[in-house]
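Visitor: In our numbering, the protein residues as written are 181 to 439.
Just so it is clear, CB atoms sit at the ideal spot from N, CA and C, and this is done for glycine as well.
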Amino acid sequence: MRQKRKGLAMNLRFILIGIQLVMMWGLLALPSRAYQLSPEHSGMMHGSEVAQASPEDQAKLEADKRFSEFNHHFAGIFVLLVGLLALLEPHIISRVPTARYLWSAFFFIPGIYLFFFSDPESWPFGGQTLQYVVTQNLQVLQHKIFSLILLGLAVVEYLRASYRLKSWWANWLFPAMAAAGAGLLLVHSPQAHIGGIGESAHLAMQNVEHQHINFAVAGFGVAVTKALTDTKRFHPTLMRYLFSLCLVSLGVLLILYTE
Numbered sequence: 181m182r183q184k185r186k187g188l189a190m191n192l193r194f195i196l197i198g199i200q201l202v203m204m205w206g207l208l209a210l211p212s213r214a215y216q217l218s219p220e221h222s223g224m225m226h227g228s229e230v231a232q233a234s235p236e237d238q239a240k241l242e243a244d245k246r247f248s249e250f251n252h253h254f255a256g257i258f259v260l261l262v263g264l265l266a267l268l269e270p271h272i273i274s275r276v277p278t279a280r281y282l283w284s285a286f287f288f289i290p291g292i293y294l295f296f297f298s299d300p301e302s303w304p305f306g307g308q309t310l311q312y313v314v315t316q317n318l319q320v321l322q323h324k325i326f327s328l329i330l331l332g333l334a335v336v337e338y339l340r341a342s343y344r345l346k347s348w349w350a351n352w353l354f355p356a357m358a359a360a361g362a363g364l365l366l367v368h369s370p371q372a373h374i375g376g377i378g379e380s381a382h383l384a385m386q387n388v389e390h391q392h393i394n395f396a397v398a399g400f401g402v403a404v405t406k407a408l409t410d411t412k413r414f415h416p417t418l419m420r421y422l423f424s425l426c427l428v429s430l431g432v433l434l435i436l437y438t439e
């Protein structure tokens, strides 16, 4: 009994340390981002260049905004499906064993879509080369990394479903990639999503910034609860439910995303 209590205390300590690190990371990231979003900094960036956008430019900005929102909503639908699958998996797998491969499919589909179609102006189908994307277009590069994380999760879940992942370190692949995606969200520039200028663009950037921070918090929750679920170090059943809740929350946030 004493050993069990000691182990429980140790697990709780690790969880608290992880939460504190996430909060510290977020707090350290916010000041520089707040500076970037401040009206004064916005004014320094634009200066006397502030002008009314032409109808053609405004129409393009609106089309780009709608397309960006669609990309988030599309990914959110599949994240939501993964969350529901995680919640219902014990009941579904007992009836339809092959349903365990749905995990891989739900990550593979949005991963492929985002990799090839999220930025049509860039590589591989657009005019921007891969070298240009890597060296000059941080927005598109980040989107490609997000898509590779989704595809990596698809591979991990396929190997897990086919019982090919048996090493102890395999339990950390999903949490590590989820944490990497959440961390990337903290440095994902809102200016990449907003093309306008002036006060309305500043408010829109703040809106995008807040939503991405919410995505990151939910993503870190996914990483922590998945690690605790797979390693079975702290109430695996409870952690599985919390893991599902974090995924569902992230999916809903993505589906409700606006610019």
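1) Quick check: the Cα distance between residue 311 and residue 367, rounded to an integer number of angstroms?
2) Distance check for residue 350 and residue 343, CA to CA, integer angstroms please.
3) Locate the alpha helix (DSSP H) running through residue 439, then write down its first and last residues.
4) Can you tell me the Cα-Cα spacing of residue 400 and residue 243, whole angstroms?
5) Quick check for students: name the residue ranges of the alpha helix (DSSP H) that lie wholly in the stretch 309-371, counting only runs of 4 or more.
6) For residue 234, does the three-state DSSP call read helix, strand or coil?
7) On the criterion of 16 or more Cβ atoms from any shown chain inside 10 Å, does residue 384 qualify as buried, or is it exposed?
8) Run the CB neighbour count on residue 290, radius 10 Å, all protein chains shown included, and call it buried at 16 or more, exposed below.
9) Can you tell me whether residue 340 is buried or exposed, with buried defined as 16 or more other CB within 10 angstroms of its CB?
10) Excluding the five sequence neighbours on either side, which residues of its own chain have a C-beta within less than 7 angstroms of the C-beta of residue 325, listed in chain order?
11) Have a look at residue 429 and residue 305 and give me their C-alpha separation to the nearest angstrom.
12) Contact check, residue 423 vs residue 411 under 8 angstroms by CB: the rounded distance?
13) Which residues in the same chain have their Cβ closer than 8 angstroms to the Cβ of residue 431, if we skip the five residues on either side of it in sequence?
14) Look up residue 302 in the DSSP assignment and say whether it is helix, strand or coil.
15) Return the CA-CA distance between residue 238 and residue 245, expressed in angstroms with no decimal places.
16) Tell me, to the nearest whole angstrom, how far the beta carbon of residue 433 is from that of residue 395; I am working on the premise that it is less than 8 angstroms.
17) In this structure, how does DSSP classify residue 276 when only helix, strand and coil are distinguished?
18) In the DSSP assignment, the alpha helix (DSSP H) including residue 406 goes from what residue to what residue?
19) Does residue 336 pass the burial test, meaning 16 or more other C-beta atoms within 10 Å, or should it be called exposed?
20) So, with DSSP's three-state summary, where would you put residue 307?
21) Please state whether the Cβ-Cβ distance between residue 287 and residue 318 is less than 7 angstroms.
Guide: The answer reads as follows:
1) 21 angstroms
2) 11 angstroms
3) Here residue 439 belongs to no alpha helix (DSSP H), and DSSP marks it neither H nor E.
4) 31 angstroms
5) 310-316, 318-341, 353-366
6) coil
7) buried
8) buried
9) buried
10) 364
11) 33 angstroms
12) 12 angstroms between Cβ atoms; not a contact.
13) 256, 257, 258, 259, 260, 261, 262, 263
14) strand
15) 10 angstroms
16) 6 angstroms
17) coil
18) 379-411
19) buried
20) coil
21) no
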